[in-house]
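Everything in the sequence shown is counted per this note's numbering, starting at 220 for the first residue and increasing by one.
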Amino acid sequence: GFITREDGSDVFVHFSAIQGEGYKNLEEGQAVTFEVEDSDRGPQAVHVNKD
Numbered sequence: 220g221f222i223t224r225e226d227g228s229d230v231f232v233h234f235s236a237i238q239g240e241g242y243k244n245l246e247e248g249q250a251v252t253f254e255v256e257d258s259d260r261g262p263q264a265v266h267v268n269k270d
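The structure is reproduced here in structure tokens:
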């Protein structure tokens, strides 16, 4: 899926980048912190933590 940055741009996130135990999902509108790394397909969110 995608995460919307504070500047309004979107960045791709794979469920494996979500930190924590259990089912790794994000709800629409949920606040998260993350880092962005460049991949061969463009920017990708990594180290995603639910706030």
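Built from N, CA and C at the ideal position, the CB exists for glycine as well.
Short CB-CB distance (under 8 Å) between residue i and chain B
i	result
GLU256	The structure shown contains no chain B; it holds only a single protein chain.
Inter-residue spacing [alpha-carbon to alpha-carbon] between residue i and residue j
i	j	result
GLN295	ALA236	With the chain represented from 220 up to 270, any question about residue 295 goes unanswered, as that position is not in the structure.
ARG260	GLU225	21 Å
ASN268	GLU240	11 Å
GLY227	VAL265	18 Å
GLU246	VAL232	13 Å
Close Cβ partners of residue i (< 8 Å) along its chain, the five nearest in sequence each way excluded
i	result
ASP229	PHE221, ILE222 and THR223
Nonlocal neighbours in the same chain, by C-beta distance under 7 Å from residue i, ignoring five residues either side
i	result
ALA250	ASP270
THR252	ASN268 and ASP270
Restricting to runs no shorter than 3 residues, where is the beta strand (DSSP E) found entirely within the region 228-266?
229-232 and 251-258
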